[in-house]
Ligand SMILES: Nc1nc2c(ncn2[C@@H]2O[C@H](COP(=O)(O)OP(=O)(O)OP(=O)(O)O)[C@@H](O)[C@H]2O)c(=O)[nH]1
Ligand SMILES: [Mg+2]
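Written out as structure tokens, the structure is:
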């Protein structure tokens, strides 16, 4: 299939072609990459980039998928088309998947107005480059007006997801305030809103306490991003409480970003970061896949192990050997 044929299918929201387009942009084969770049170039020229790009992160089991299912159902009932991309950083770390079938969002997965897709992260070389941004563009071109990126709080994945979305939600469990120090400060600083999950049954009052603790902690942090004061809410995805309020906060945040062109500026900066990340990934790829480099790295590593060279001297030697090549 040519890039133009892919583009037509994606624009027409043809599920089969859309699925193949996702596979295409994830492919590492040089021939696929060429078609993928042409496709992305075609789509970026004309497609609708006004979709709400929402990032959702939180510790394993905090309730991300259940929350997205509840929110997504509400949004499609209002006439939206919702795409969910689940980034699995464990594929980078373990080579396997810890999300497994836990990305299940049964109703959204069945709905014609929604799309749920796992998005691989990292690569064979352990690089940070993934194809989630490309997947977001495909979803937008296919007419999804809300794109939700779910990631579990492992490794660098939250920072990456925050750098490709307009609004970043951090979900926290009831009682998480007891280990406030244990929650990565950097992640809290990225949050446009914190949502305490499972505010129901026996956990309802604990969730409210946690909300207050985090609201207080945010005040102390003076954590505002471009003048936006992050909100702290509670929700119960099982009882459909606080979901509408959370969406109202996302909408309010969007209005805020649209005023003074902040959304456009944020996306400009994201495109620049994207460019630098790809340059970085390509350099690594080119360097590490070169066969002579591989042999050279192996012998330098042996010298480091024997204590004959310091790690940094060996690294310098590895790089200077390539630049001479
Ligand atoms: N009581 C209660 N339980 C919930 C709620 N939301 C999720 N859960 C439960 O919490 C568990 C984990 O929910 P998930 O939605 O799979 O959590 P997750 O954050 O997506 O998990 P990972 O993808 O594995 O990181 C499940 O047993 C859910 O039923 C809620 O609002 N109230
Ligand atoms: Mg999940």
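Numbering (this note's numbering), first residue to last: 512 to 836. A virtual CB, placed ideally from N, CA and C, is assigned to each residue, including glycine.
Query	Result
Please say whether residue 656 and residue 532 have beta carbons closer to each other than 8 angstroms?	no
Determine the direct distance from the alpha carbon of residue 544 to that of residue 711, and round the result to whole angstroms.	48 angstroms
Could you check the C-alpha separation between residue 829 and residue 816 for me, to the nearest Å?	15 angstroms
From the DSSP output, which residues share a beta bridge with residue 678?	565
Rounding to the nearest angstrom, what Cα-Cα distance links residue 685 and residue 798 in this structure?	46 angstroms
In the DSSP assignment, what are the bridge partners of residue 626?	594
Taking residue 589 as the reference, which of 620, 625, 621 has the closest Cα?	625
Is DSSP giving residue 732 helix, strand or coil here?	helix
Going by DSSP, name the residue or residues bridged to residue 747.	752
On the three-state DSSP scale, how would you describe residue 800?	helix
Within a Cβ cutoff of 7 angstroms, which residues of the same chain sit near residue 868, ignoring the five residues on either side of it in sequence?	For the chain, the structure presents residues 512 to 836; residue 868 sits outside this window and is missing.
Just to confirm my understanding: we take residue 605, look at its own chain, exclude 5 residues before and 5 after, and list those with CB closer than 6 angstroms. What are they?	Unreliable positioning characterises residue 605 in this predicted model, as indicated by a pLDDT of 49, which lies under 50. The coordinate reading is nonetheless provided below. Excluding positions up to five away in sequence, the list is empty.
What are the start and end residues of the alpha helix (DSSP H) that includes residue 710?	It is not in any alpha helix (DSSP H) - residue 710 carries neither H nor E in the DSSP assignment.
Under 7 angstroms Cβ to Cβ from residue 753, same chain only, skipping five residues before and after it: list those, please.	710, 744, 745, 746, 747
So is the beta-carbon of residue 571 under 7 angstroms away from any non-hydrogen atom of ligand 1?	yes
Tell me the DSSP secondary structure of residue 742 in three-state form.	strand
Does the distance from the CB of residue 713 to the CB of residue 741 come in under 8 angstroms?	no
Please list the terminal residues of the continuous beta strand (DSSP E) segment that includes residue 573.	Here residue 573 belongs to no beta strand (DSSP E), and DSSP marks it neither H nor E.
Can you tell me whether DSSP reads residue 534 as helix, strand or coil?	helix
Rounded to the nearest angstrom, what separates residue 581 and residue 749 at their Cα positions?	8 angstroms
Please confirm whether any heavy atom of ligand 1 lies closer than 7 angstroms to the CB of residue 630.	no
Using beta-carbon positions only, say whether residue 737 and residue 773 come within less than 8 angstroms of one another.	yes
Give a yes or no on whether the C-beta atoms belonging to residue 569 and residue 660 are separated by under 8 angstroms.	no
DSSP puts residue 683 in a beta bridge; with which residues?	707
If contacts are defined as beta-carbon pairs under 8 angstroms, then residue 662 and residue 761 qualify, I think. What distance do you get, rounded to the angstrom?	Not a contact, Cβ separation roughly 17 angstroms.
Buried or exposed: residue 458, going by 16 or more other Cβ atoms within 10 Å of its Cβ?	An answer regarding residue 458 cannot be provided, because it is not within the stretch 512 to 836 covered by the chain.
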